[in-house]
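I have placed the structure first, in the form of structure tokens, so that the comments after it can refer back to it.
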Amino acid sequence: MTVPILTSRLVLRAFTHDDAPQLHSVLYRDPEAMHFIGGPHSVQATRQGIERYVDQQEADGFSFWAVEERETGLMVGEAGLFPLNGRGPDVEVGYAFGSPWWGRGFATEAATAILGEAFGPLDLHRVVAVAKRENTGSLNVLRKIGFREEGDIHAWGSRQAFFV
Numbered sequence: 013m014t015v016p017i018l019t020s021r022l023v024l025r026a027f028t029h030d031d032a033p034q035l036h037s038v039l040y041r042d043p044e045a046m047h048f049i050g051g052p053h054s055v056q057a058t059r060q061g062i063e064r065y066v067d068q069q070e071a072d073g074f075s076f077w078a079v080e081e082r083e084t085g086l087m088v089g090e091a092g093l094f095p096l097n098g099r100g101p102d103v104e105v106g107y108a109f110g111s112p113w114w115g116r117g118f119a120t121e122a123a124t125a126i127l128g129e130a131f132g133p134l135d136l137h138r139v140v141a142v143a144k145r146e147n148t149g150s151l152n153v154l155r156k157i158g159f160r161e162e163g164d165i166h167a168w169g170s171r172q173a174f175f176v
């Protein structure tokens, strides 16, 4: 997969090890975002997560990437593709943004670009998605970009709506 991916308002780029403090500050210290996604509770744990993203990118040509606002250059979250539950075989599209950037269409914009790469250059035949039922914003994004709900599964440590 070719990163960076540019959209009209966003840049999706590969993470570097230096991104951990900023990602942690923007996303993983945000209690509203953490309510829906969980995740690292320290900068060191965020570094370890980024290391997994880097390894995943090297292994399969896709991963989660840093998402920056083009206009400001600020990191606003993360988005990309990752093996479901960290193991696969399904590949999941996902996105997470700090709450100050919710409601701006960034998740829709990023996920649409990612799916273009998934079904284009990466030649994936199936991409899935999961979201907690109470995360109505994410459920709406998934429906808007063409996913259909297939029930519930246990993913990433909790019961989630499953989309294909």
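This note's numbering puts the last residue of the sequence shown at 176; the count rises by one with no breaks.
By construction, the Cβ of each residue, glycine as well, lies at the ideal position given by its N, Cα and C atoms.
Helix, strand or coil at residue 48 [DSSP, three-state]: Three-state result, residue 48: helix.
Range covered by the alpha helix (DSSP H) that runs through residue 72: 55 to 72
The region 150 to 161 touching the region 79 to 97, judged by at least three CB pairs closer than 8 Å: no
Local conformation of residue 150 per DSSP, three classes: helix
Distance, residue 153 Cα to residue 108 Cα: 12 Å
Euclidean distance between Cα positions of residue 131 and residue 34: 30 Å
Beta bridge counterpart(s) of residue 165 as assigned by DSSP: Paired residues: 172.
DSSP beta-bridge partners of residue 141: 175
Close-in-space but distant-in-sequence residues of the same chain around residue 118 (CB under 6 Å, 5 per side omitted): 109
Candidates 105, 28, 47: closest to residue 170 by CA position: 47
Three CB pairs or more closer than 8 Å across the region 92 to 107 and the region 65 to 80: yes
Inter-residue CB distance, residue 125 and residue 172 (contact presumed, cutoff 8 Å): The pair is not a contact, with the Cβ atoms about 23 Å apart (cut-off 8 Å).
Helix, strand or coil at residue 27 [DSSP, three-state]: Three-state result, residue 27: coil.
Length at least 4, wholly inside the region 105 to 137: the alpha helix (DSSP H) runs in chain order: Uninterrupted alpha helix (DSSP H) stretches at least 4 residues long and entirely within the region 105 to 137 occur at 118 to 131, given in chain order.
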